[in-house]
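Peer 1:
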Amino acid sequence: MWKMPLRLLGWVWASPWTAVGLAAGTAGLVTGGRVQKRGAAIEFHGGAVPWLISRWPCGPFTMAMTLGHVVLGRDAVCLHVTRAHELVHIRQYERWGPLFIPAYLLCSALIWARGGDAYRDNPFEREAYAIAP
Ligand SMILES: [Zn+2]
């Protein structure tokens, strides 16, 4: 009974970052990219999307990235390979909403300042890799 309202709240709470992802995905679509819906994810690939991903700090090594309920992938294969991992990040956005990116970056900065791996040691990534390596 509560699942639907909670799911709706998750979409609303994550919507600021979903809007950013939709803007990036739209840039991909108007440059020849594709969109597909898979579970809770709106996935974009192709067109300008790989170029946009490569501008991300870990861009050259990134196959896909999640912004709210939007997953941006280099291509359909990258989206398929990373789908379970990115779904964990979607759930994290549903819990953290607009605070997700600031919290993620703060964790990475603190970990980096202590000499750790800002990506692999980040608790958001540790949770995602524990569920979907
Ligand atoms: Zn991740």
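Just so we're aligned: the sequence shown equals residues 282 to 414 in our numbering. Just so it is clear, CB atoms sit at the ideal spot from N, CA and C, and this is done for glycine as well.
Go ahead and pull the three-state DSSP assignment for residue 411.
Peer 2: The sequence position of residue 411 within the sequence shown is 130, counting from 1. Residue 411: helix per DSSP, three-state reduction.
Peer 1: Is it the case that the Cβ atoms of residue 299 and residue 350 are separated by a distance below 8 Å?
Peer 2: Here the question's residue 299 lines up with position 18 in the sequence shown. Here the question's residue 350 lines up with position 69 in the sequence shown. Yes.
Peer 1: Using a 10 Å radius around the Cβ and a threshold of 16 neighbouring Cβ atoms, would you call residue 410 buried or exposed?
Peer 2: Translated into the one-based positions of the sequence shown, residue 410 becomes position 129. Residue 410 is exposed by the Cβ-count criterion.
Peer 1: Counting Cβ pairs closer than 8 Å, one from the region 296-312 and one from the region 378-395, do we hit at least three?
Peer 2: Counting Cβ pairs under 8 Å, three or more are found: they touch.
Peer 1: If we call anything under 8 Å between Cβ atoms a contact, is residue 355 one with residue 323?
Peer 2: Locating residue 355 in the sequence shown gives position 74, where the first residue counts as 1. Locating residue 323 in the sequence shown gives position 42, where the first residue counts as 1. No. Outside cutoff.
Peer 1: Going by C-alpha to C-alpha distance, which of 375, 342, 293, 319 sits closest to residue 352?
Peer 2: If you number the sequence shown from 1, residue 352 lands on position 71. Of the candidates 375, 342, 293, 319, the one whose C-alpha sits nearest the C-alpha of residue 352 is 319.
Peer 1: Taking 7 Å as the line, does the beta carbon of residue 409 fall inside it for any heavy atom of ligand 1?
Peer 2: Position 128 of the sequence shown holds residue 409. At least one heavy atom of ligand 1 is nearer than 7 Å to the Cβ of residue 409, so yes.
Peer 1: Tell me the residue span of the beta strand (DSSP E) that contains residue 351.
Peer 2: Mapped onto the sequence shown, residue 351 falls at position 70. Looking at the DSSP string, the run of the beta strand (DSSP E) that includes residue 351 is 351-354.
Peer 1: Is residue 321 closer than 8 Å to residue 365 when the C-beta atoms are compared?
Peer 2: Indexing the sequence shown from 1 puts residue 365 at position 84. Indexing the sequence shown from 1 puts residue 321 at position 40. Going by C-beta atoms, residue 365 is not nearer than 8 Å to residue 321.
Peer 1: Would you call residue 325 buried or exposed, if buried means 16 or more other Cβ atoms sit within 10 Å of its Cβ?
Peer 2: Against the sequence shown, residue 325 aligns to sequence position 44. Flag for residue 325 reads buried.
Peer 1: For residue 360, tell me which candidate among 330, 397, 387 has the shortest Cα-Cα distance.
Peer 2: Within the sequence shown, the letter at position 79 stands for residue 360. Looking at the Cα atoms, 330 is the closest of the given residues.
Peer 1: Report buried or exposed for residue 368, applying the criterion of at least 16 other Cβ atoms within 10 angstroms of its Cβ.
Peer 2: For the purposes of this step, residue 368 is taken as residue 87 along the sequence shown, with counting starting at 1. Burial call: buried.
Peer 1: Taking all protein chains shown into account, decide if residue 285 is buried (16 or more other Cβ within 10 angstroms of its Cβ) or exposed.
Peer 2: Counted from its first residue, the sequence shown places residue 285 at position 4. Residue 285 comes out exposed.
Peer 1: Beta carbon of residue 400, beta carbon of residue 406: below 8 Å?
Peer 2: Along the sequence shown, read from residue 1 onward, the residue named residue 400 stands at position 119. Along the sequence shown, read from residue 1 onward, the residue named residue 406 stands at position 125. Result yes, Cβ atoms of residue 400 and residue 406 sit closer than 8 Å.
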